[in-house]
Structures are given as structure tokens and as C-alpha cells.
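Residue numbers (the working numbering): 8 to 472. Working notes, structure below.
Shown next, in the form of C-alpha cells:
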């Protein structure tokens with residue numbers, strides 16, 4: 008016979024990393040009586056609902072933890088910043104979850120559970136706009152907190168407004184370089200960011216939330232309940248939050264960005280600068296894309312996240328980042344035409360495998376998180392199908408494109424990309440030509456992945472005006 012306490016620990020050990028249940032109990036002076044995996048916790052982190060018993064009283068909590076990047080020491084500071092930002096929000100009367108405990112070394116943060124809705128599906132337009140305006144009012148309050156005397160764990164000093172962008176770009180470049188597999192697309196983005204960095208004494212330094220947008224707040228059907236997901240908070244430019252509104256609006260449709268901007272101005276926010284939004288939009292997109300590229304392409308470390316979802320968002324972000332640079336530079340990439348390819352021998356097999364996963368495996372799975380992971384793998388499988396069909400033709404086309412721009416002949420795509428990367432580093436290729444080459448490459452890759460991506464296949468930033 009297993010005691011209730013032992014059952015809870017066994018249940019938790021099947022959902023949470025080793026030692027997490029014991030940490031929760033020690034940090035909160037409580038007993039864990041139930042652990043339930045949370046579906047839809049996000050692309051970057053896992054989540055779990057945790058029931059605690061404290062001196063005979065039952066309390067409900069929510070645990071966010073990062074198993075995919077648990078071995079990345081830099082992520083500890085993200086956890087510290089999230090806890091510090093949530094405490095700052097509480098001190099200043101912002102609506103946000105209350106921190107119960109944080110464990111930066113294990114990328115875990117435990118907060119009071121809030122019973123409200125993150126989904127926007129059942130809201131009419133008027134109600135959604137009202138909630139969005141309520142949400143923006145909290146961001147204005149955050150931006151208006153004076154940073155002069157703040158001493159926040161993990162934040163560092165509130166230095167010049169461009170300090171975060173410089174440090175972030177350098178950090179992302181270093182992370183990319185550490186793997187030793189250079190990608191010309193990423194080198195181009197780093198260079199573009201370094202050459203276009205906004206600066207000036209008239210730009211205020213504020214506490215930036217860093218991850219605003221749909222799915223990152225809770226509501227009760229008529230008003231905002233809480234602002235969520237503070238792990239990317241930092242000192243920076245207030246336009247960064249509108250850059251994130253733009254990025255998340257491309258992936259998770261929300262309200263039109265001009266309405267958010269109007270609400271921000273109405274509530275007393277800082278003056279809007281569209282060019283700075285475009286700059287930071289590229290930077291925040293790179294932050295997510297760089298991490299996914301390292302996990303999917305460069306690293307040899309074990310992968311613990313939802314690979315299907317990460318894969319899908321990776322392609323969406325690739326499309327967005329080249330679109331953003333092209334827009335900022337006034338470039339209109341030429342549309343590409345798919346090559347004529349006959350039906351392949353194994354095309355039907357891909358259909359059968361998808362049916363097997365969605366109709367036979369998923370319905371028999373009692374674990375909702377496992378079902379979500381299994382069905383997400385269809386996205387990867389459909390990319391394999393696209394590469395089998397178009398891959399050879401796409402590789403030849405990209406090799407020829409690079410050869411034409413650089414004025415050299417290359418025998419393989421790896422050789423062409425290597426030369427392209429060197430040309431970017433030595434400024435032997437113009438920014439417009441480099442952006443066009445990357446736009447063409449991403450368009451081809453997206454066409455190969457399109458069938459499994461759904462709406463992400465047509466990802467585009469929402470209009471700023």
C-alpha cells in the first residue's frame with residue numbers, strides 16, 4: 008500500500024525533473040499532494056499545476072520550468088529576472104501572479120495559480136479590444152516605473168538604452184559561433200542589427216516586459232486578470248514591447264497593432280517610434296530563432312521540449328526575420344515558382360502515417376501532453392516529404408543564386424553557403440543582395456515545410472500603421 012504522500016511524489020517525478028517536488032516542499036514549507044501537467048504551457052517552457060498543503064490548508068500553484076535548456080547556465084539569470092520583475096509588479100500594484108518560490112539553477116519558478124482564461128477564441132471584437140486596452144494600461148504602468156533606484160536580481164544596472172540591444176546581439180552571436188557551424192542567414196541578421204542600432208539621449212530606459220502579446224495574459228471574459236511570462240524582462244527601450252506585440256501578433260493573432268499603439272498613447276505611454284519598433288522586432292525574433300536553431304540544427308545535446316512545435320515556430324520565425332529586414336530596407340523580394348515535380352512513390356505513405364498518428368495513436372493516449380507531442384510530429388514528417396520532393400531542385404537553385412551574386416561557381420550548396428558567410432563577414436556582398444538571397448532561401452524552405460505548418464506557413468508581421 009502506497010501512502011498519499013508517496014503517490015504524490017511518484018506522480019510528480021513522472022512529470023517534473025528530479026528533485027523538483029522536494030524543492031517545492033522545502034521552499035514553500037508545504038506538502039505536495041498533486042501534480043498535473045499543463046498542456047499549452049508554451050514553446051520554450053513546460054508547465055504543471057501543483058496542489059500544496061500548508062498547515063492543513065490547500066493551496067493551488069503553477070510551476071513553470073525549462074527542461075529543454077536546463078543545462079544552459081545563462082538561463083538562470085532569466086529566471087532571476089522573472090522573479091524580480093514579478094515582485095516589482097506586485098510592489099507597484101500591477102496585475103501579475105504572486106511568486107511563491109524560484110529556483111534559478113533549475114530554471115523553475117512557482118507562482119500562485121490564477122483561475123482565468125488565456126484563450127481569446129470566444130471573445131467578440133468589442134470585448135477583445137477592451138481587454139487589450141486594459142492589458143496595455145498595465146504595460147504603461149510598468150514603463151512608467153522609475154528605474155533610477157531599482158536594484159533587481161539579474162537585471163544589472165539601468166545603463167544606456169542601447170546597452171541591452173548590444174549585449175543581447177553579442178550574446179546571440181557568441182552562442183551561434185560556439186557551435187562552430189556558421190549560417191549566413193544568422194550572420195546577416197547580426198550584422199544588420201549592429202549597423203542599425205538605435206541610440207540617443209532622448210530614448211528612455213524602462214523596465215521592458217519582453218514577451219507581451221496574446222496567450223501571455225489572463226482575463227475573466229471582460230477585463231485583464233494578470234500579465235504572465237516575465238522571464239524576458241530587462242532594462243531597455245519601451246519600443247521593444249511593441250516589437251514583441253508585433254512578433255507575437257504574427258504567430259498568435261491578437262488585435263490590430265495600431266489599436267494597441269493608440270491605447271498606449273491614450274494611457275500616457277512614451278512617444279511611439281516605428282523605426283525603433285522595426286529594429287527591435289528583428290532583435291526579438293532573432294532571440295527566439297537563435298535558440299531554436301541551436302537546439303534543432305547546431306547542438307548535439309539531448310532535446311527535451313516539444314520538437315514538433317519548436318520545429319513549426321522555427322520556420323515561422325525564419326520567414327518573419329527576413330521579411331522584417333526586407334521591409335526595413337525597402338526591399339520587395341521576387342516571388343518564387345515551385346518546380347514541377349511528379350507525385351513520388353511514397354507520397355501516400357506520408358498520408359497513412361499522419362492518419363495513424365491522428366486517428367489511431369492520439370485518441371488512445373490518456374496523457375494530453377503526450378498526445379500534443381505526438382500530433383505535433385506530423386509537422387516534421389510533412390517537411391521530410393517536402394524535402395524529398397523539392398530538396399534537390401531547391402539546393403541547386405540556391406547554389407546558383409549565390410554563385411550569381413558572388414560571381415563564382417560552386418559545386419555544392421555547403422560550399423556556396425560557406426562563401427556567402429565569408430562575403431557577409433568581409434562586406435563583399437551588399438546588404439540588399441544578401442537580404443534577397445536569404446529571402447529566397449527561406450521561401451524555398453517554407454514551401455518544403457508548408458503542408459504541415461498550417462497558418463504558420465503564411466506568417467507575416469501585422470501592419471504597424
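Virtual Cβ for every residue (Gly too), placed ideally from N, Cα, C. If you're wondering where the values come from, they're calculated on a predicted model, not measured in any experiment.
Among residues of its own chain, excluding the 5 on either side of residue i, which ones have a beta-carbon nearer than 8 Å to its beta-carbon?
{"i": "residue 105", "result": "93, 97, 118 and 119"}
{"i": "residue 361", "result": "385, 388 and 389"}
{"i": "residue 148", "result": "99, 100 and 101"}
{"i": "residue 80", "result": "none"}
Taking residue i as the reference, give the member of the options with the closest Cα.
{"i": "residue 316", "options": "283, 234 and 380", "result": "380"}
{"i": "residue 441", "options": "338, 323, 459 and 162", "result": "338"}
{"i": "residue 324", "options": "340, 450 and 213", "result": "450"}
{"i": "residue 82", "options": "61, 111, 101 and 67", "result": "111"}
{"i": "residue 4", "options": "422, 181 and 210", "result": "Past the edges of the chain, shown from 8 to 472, lies residue 4, and the structure says nothing about it."}
{"i": "residue 264", "options": "335, 221 and 202", "result": "221"}
{"i": "residue 259", "options": "214, 320 and 303", "result": "320"}
{"i": "residue 438", "options": "62, 141, 100 and 202", "result": "202"}
{"i": "residue 459", "options": "400, 402 and 358", "result": "358"}
{"i": "residue 114", "options": "238, 310 and 398", "result": "238"}
{"i": "residue 351", "options": "74, 27, 395 and 72", "result": "395"}
{"i": "residue 5", "options": "123, 452 and 127", "result": "Since the first and last residues shown for the chain are 8 and 472, residue 5 lies out of range."}
{"i": "residue 150", "options": "457, 242, 307 and 302", "result": "242"}
{"i": "residue 391", "options": "455, 472 and 367", "result": "455"}
{"i": "residue 443", "options": "148, 99 and 408", "result": "408"}
With which residues is residue i paired in a DSSP beta bridge?
{"i": "residue 243", "result": "213"}
{"i": "residue 223", "result": "Answer by DSSP bridge pairing: none, since residue 223 is not bridged."}
{"i": "residue 109", "result": "116"}
{"i": "residue 39", "result": "59"}
{"i": "residue 70", "result": "55 and 117"}
{"i": "residue 348", "result": "Answer is none; residue 348 lacks a bridge partner."}
{"i": "residue 231", "result": "226"}
{"i": "residue 64", "result": "61"}
{"i": "residue 124", "result": "226"}
{"i": "residue 44", "result": "55"}
Straight-line CA distance for residue i to residue j?
{"i": "residue 8", "j": "residue 38", "result": "With a pLDDT of 42 at residue 8, under the threshold of 50, the predicted position of this residue should be treated as unreliable, and no value is reported."}
{"i": "residue 313", "j": "residue 32", "result": "28 Å"}
{"i": "residue 244", "j": "residue 369", "result": "45 Å"}
{"i": "residue 364", "j": "residue 382", "result": "6 Å"}
{"i": "residue 219", "j": "residue 418", "result": "45 Å"}
{"i": "residue 233", "j": "residue 146", "result": "11 Å"}
{"i": "residue 292", "j": "residue 64", "result": "43 Å"}
{"i": "residue 406", "j": "residue 469", "result": "32 Å"}
{"i": "residue 341", "j": "residue 275", "result": "41 Å"}
{"i": "residue 464", "j": "residue 318", "result": "12 Å"}
{"i": "residue 272", "j": "residue 415", "result": "52 Å"}
{"i": "residue 184", "j": "residue 59", "result": "44 Å"}
{"i": "residue 371", "j": "residue 356", "result": "22 Å"}
Would a check of beta-carbon distances place residue i closer than 8 Å to chain B?
{"i": "residue 111", "result": "No chain B is present in this structure, which holds just one protein chain."}
Please report the Cβ distance between residue i and residue j, rounded to the nearest whole angstrom; I am assuming they are in contact, meaning their Cβ atoms lie under 8 Å.
{"i": "residue 517", "j": "residue 88", "result": "The first residue shown for the chain is 8 and the last is 472, placing residue 517 beyond what the model contains."}
{"i": "residue 289", "j": "residue 251", "result": "Going by Cβ atoms, the distance from residue 289 to residue 251 rounds to 12 Å, so no, they are not a contact pair."}
{"i": "residue 108", "j": "residue 161", "result": "Not really, about 16 Å apart at Cβ, beyond 8 Å."}
{"i": "residue 154", "j": "residue 212", "result": "6 Å"}
{"i": "residue 200", "j": "residue 169", "result": "Incorrect: roughly 11 Å between the Cβ atoms, too far for contact."}
{"i": "residue 193", "j": "residue 300", "result": "7 Å"}
{"i": "residue 95", "j": "residue 214", "result": "7 Å"}
Quick one: residues in its chain with C-beta nearer than 6 Å to the C-beta of residue i, no 5 flanking neighbours on either side, listed in chain order?
{"i": "residue 473", "result": "It is not possible to answer for residue 473, since the shown part of the chain is limited to 8 through 472."}
{"i": "residue 376", "result": "44 and 46"}
{"i": "residue 181", "result": "none"}
{"i": "residue 70", "result": "55, 57 and 117"}
{"i": "residue 448", "result": "405"}
Suppose the cutoff is 7 Å on Cβ atoms and the five residues either side in sequence are ignored; what does the same chain contact list for residue i look like?
{"i": "residue 430", "result": "413 and 436"}
{"i": "residue 230", "result": "138 and 141"}
{"i": "residue 346", "result": "397 and 400"}
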